[in-house]
Amino acid sequence: MRAAIFHEHGGPEVVRIEDVEPPEPGPGEVRIRVGASGMNHLDLWVRRGLPIETTMPHIGGSDVAGTVESVGGGVDDWAAGDRVVIDPSLSCGVCDWCRAGEEPLCDEYRILGEHTQGGFAELVVAPARNLYRIPDDVPFETAAAAPLAFLTAWRGLATRGRLRPRESVLITGASGGVATAGIQIAKHLEATVYAVTSSPHIDRVRELGADAVYDRLAGDWSKALWRATEKRGVDVVFDSVGEAGFRQAARSLAKKGRMVVYGATTGPKAELDLRIVFWKQIELLGTTMAGRDEFREVMDLVFGGALHPVVDVVWPLDRAAEAHRRLEEGLSFGNIVLVP
Ligand SMILES: NC(=O)c1ccc[n+]([C@@H]2O[C@H](COP(=O)([O-])OP(=O)(O)OC[C@H]3O[C@@H](n4cnc5c(N)ncnc54)[C@H](OP(=O)(O)O)[C@@H]3O)[C@@H](O)[C@H]2O)c1
Ligand SMILES: [Zn+2]
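Laid out in structure tokens, this is it:
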């Protein structure tokens, strides 16, 4: 089968299209003919290799939608031709964390396409219990742009951030895959959304539903946000920019605000003034991926039309290296989708 594969870590140029042996489904697994596969920032970390090490050669791609092609032993609830999307969270399924619906905390937690061979190929193998049915009227390109971004934003805002109607939220890096999902989820939860993005993306962030949008390239935006909230600040900050904007993000919190951190794109050593922590009595909350129930809950909202995956471009798999470059250079808005 054809796959976008790399044999060593490095820049986008290490990603090449090659013919490789198709994966075989083991017991409890299903082989899926990939209809479309979405890209995430995670694919850049995995390709660069730092701090993530993977087995080589490696096929990335955590977000997959397609058709069941064949099933391994013991799988009787899926059949060839079923249209499915894959929950990229791989976990043991039996430990206390898994049973409590906290799969990302499982000791054996892994992510499809990061720790295993992923969906930037014609075929991919995944556990049968990770599949979720796609309604006939939802195209593969739409379903493939959703999983990782929407499940992360759903857990981060609804579960961890406990965002409620009439509260306010600041979403940084607003053109990103998770952030564009986050803006929609926050509006769905009836919150007021303040967003920070870079100049080329301002109009589209506003169109997605953000109530106020600030340009991070125009200087310190936190003063304008402070004025806009009448010197109160926001109830929740949803951030993955990390080092580059953390001081401003923390300063934007209201008393008893919740800082939800889901990444560190610009570096992990962010500065936090501890006086903000104790004086305003804020909460610092980490979040990673989501449990199976959260995945299904948010995918139902996507499939029902309440939330809309933001598809940046749909490109043939042949353009995988170019897609890495586009995402890395910050040119994309939402998620890039590759079709084999
Ligand atoms: N914990 C988890 O489970 C989880 C899940 C998904 C993603 N993540 C992490 O979260 C981050 C975002 O993921 P994603 O897939 O949404 O990424 P993405 O689509 O690449 O979005 C990242 C956004 O960050 C902003 N940004 C980039 N460089 C910046 C800089 N120098 N200063 C300020 N902002 C900058 C840009 O937005 P603007 O130009 O609009 O400002 C960019 O669109 C990544 O680090 C990823 O690894 C974590
Ligand atoms: Zn487990």
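When you line the sequence shown up against numbering that gives the first Met the number 0, it's residues 0 to 339, in that order.
Beta carbons: idealized from backbone N, C-alpha and C, even for Gly.
#1: First and last residue of the alpha helix (DSSP H) that includes I51?
#2: Opposite M258 in the DSSP bridges: which residues?
#3: According to DSSP, which residues form a beta bridge with R15?
#4: Just to confirm my understanding: we take L162, look at its own chain, exclude 5 residues before and 5 after, and list those with CB closer than 7 Å. What are they?
#5: Tell me which residues share the same chain as E282 and place their Cβ nearer than 6 Å to its Cβ, disregarding the 5 neighbours each side in the sequence.
#6: Just to check, is the beta-carbon of W314 closer than 7 Å to a non-hydrogen atom of ligand 1?
#7: With distances taken Cα to Cα, identify the nearest neighbour of A2 among L273, H114, V67, E17.
#8: Is the CB-CB distance between G343 and E101 below 8 Å?
#9: Starting from the C-beta of A319, find all residues in its chain whose C-beta is less than 8 Å away, skip the five residues before and the five after it, and write them out in chain order.
#10: Is any non-hydrogen atom of ligand 1 found closer than 7 Å to the C-beta of R257, if you look at the structure I gave you?
#11: Express the C-alpha separation of L89 and V310 in angstroms, rounding to a whole number.
#12: I'd like the ranges of any beta strand (DSSP E) spanning at least 3 consecutive residues and lying wholly in the region 164-204.
#13: Which residue wins for smallest C-alpha separation from N334, given the options Q280, W77, G175, R295?
#14: As a quick exercise: from R203, I170, E206, F294, pick the residue whose alpha carbon is nearest that of Y193.
#15: Given Y213, which residues of its chain have a CB within under 8 Å of its CB, disregarding the five upstream and five downstream residues?
#16: Tell me, which residues are paired with L252 by DSSP?
#17: CB-CB under 6 Å to A35, same chain, minus the five flanking residues each way: which ones, in chain order?
#18: Got a sec: does ligand 2 put a non-hydrogen atom nearer than 7 Å to the Cβ of S90?
#19: Could you give the first and the last residue of the continuous beta strand (DSSP E) run that contains A211?
#20: Output needed for K268: all residues of its chain with C-beta closer than 7 Å, excluding positions within five of it in sequence on either side, in chain order.
#21: What does DSSP give as the partner residues of A62 in its beta bridges?
#22: Assign R109 to one of three DSSP states: helix, strand, or coil.
#23: Say yes only if the C-beta of E107 is nearer than 7 Å to one or more non-hydrogen atoms of ligand 2, and no if none qualify.
#24: For C97, I'd like the list of residues in its chain whose CB is within less than 8 Å of its CB, leaving aside the five on either flank, ordered along the chain.
#25: Is T196 near ligand 1, judged by its Cβ being under 7 Å from some heavy atom?
#26: Using the Cα positions of F245 and A180, report the straight-line distance between them to the nearest angstrom.
#27: Could you have a look at E20 and say whether DSSP puts it in helix, strand or coil?
#28: In whole angstroms, what separates the C-alpha of V33 from that of G27?
#29: Check whether the Cβ of W351 lies closer than 7 Å to any heavy atom of ligand 2, and answer yes or no.
#30: With burial defined as no fewer than 16 other Cβ atoms inside 10 Å of the residue's Cβ, what is the status of G304: buried or exposed?
#31: Closest to W44 by CA distance: which of P11, V74, V29 is it?
#32: If the criterion is Cβ atoms closer than 8 Å, does the pair H307 and Q116 meet it?
#33: So, at 6 Å on beta carbons, what are the nonlocal neighbours of A145 in its own chain, with the 5 sequence-adjacent residues on each side left out?
#34: Just reading off the alpha helix (DSSP H) that I133 is part of, what are its end residues?
#35: Can you check DSSP and say which residues form a bridge with W314?
#36: Let me check one thing: in DSSP terms, what residues is V74 bridge-paired to?
In this structure, then:
#1: Careful: I51 lies outside any alpha helix (DSSP H) and carries neither H nor E.
#2: V236, L283
#3: Beta-bridge partners assigned by DSSP to R15: I4.
#4: L156, V168, A185, L188, A190, V235
#5: R257
#6: no
#7: It is E17 whose Cα lies nearest to the Cα of A2.
#8: No answer is possible for residue 343: the residues shown for the chain start at 0 and end at 339.
#9: Only A3, V14, I16, F119, L337 meet the Cβ criterion.
#10: no
#11: 25 Å
#12: 167-170, 191-196
#13: Minimum Cα distance to N334 is reached at G175.
#14: Ranking R203, I170, E206, F294 by Cα distance to Y193 puts I170 first.
#15: Y193, A194, V195, T196, W220, A223, L224
#16: V233.
#17: Cβ neighbours of A35 beyond the five flanking positions: A64, F139, E140, A143, V336, V338.
#18: Relative to ligand 2, the nearest heavy atom lies less than 7 Å away from the CB of S90.
#19: 211-214
#20: E242
#21: The question names Ala, but residue 62 is Asp in the sequence shown. DSSP, once it has assigned bridges, lists G37 as partnering D62.
#22: strand
#23: yes
#24: Spatial neighbours of C97 in its own chain (CB-CB distance under 8 Å, excluding positions within 5 residues in sequence) are listed in chain order as S90, C91, C105.
#25: yes
#26: 21 Å
#27: Under the three-state reduction of DSSP output, E20 falls in the coil class, being neither helix nor strand.
#28: 19 Å
#29: Residue 351 is absent from the structure shown; the chain starts at 0 and stops at 339.
#30: exposed
#31: P11
#32: no
#33: V301, P308
#34: Premise fails: I133 is in no alpha helix (DSSP H) and is neither H nor E.
#35: L337
#36: DSSP output for V74 lists no bridge partner at all.
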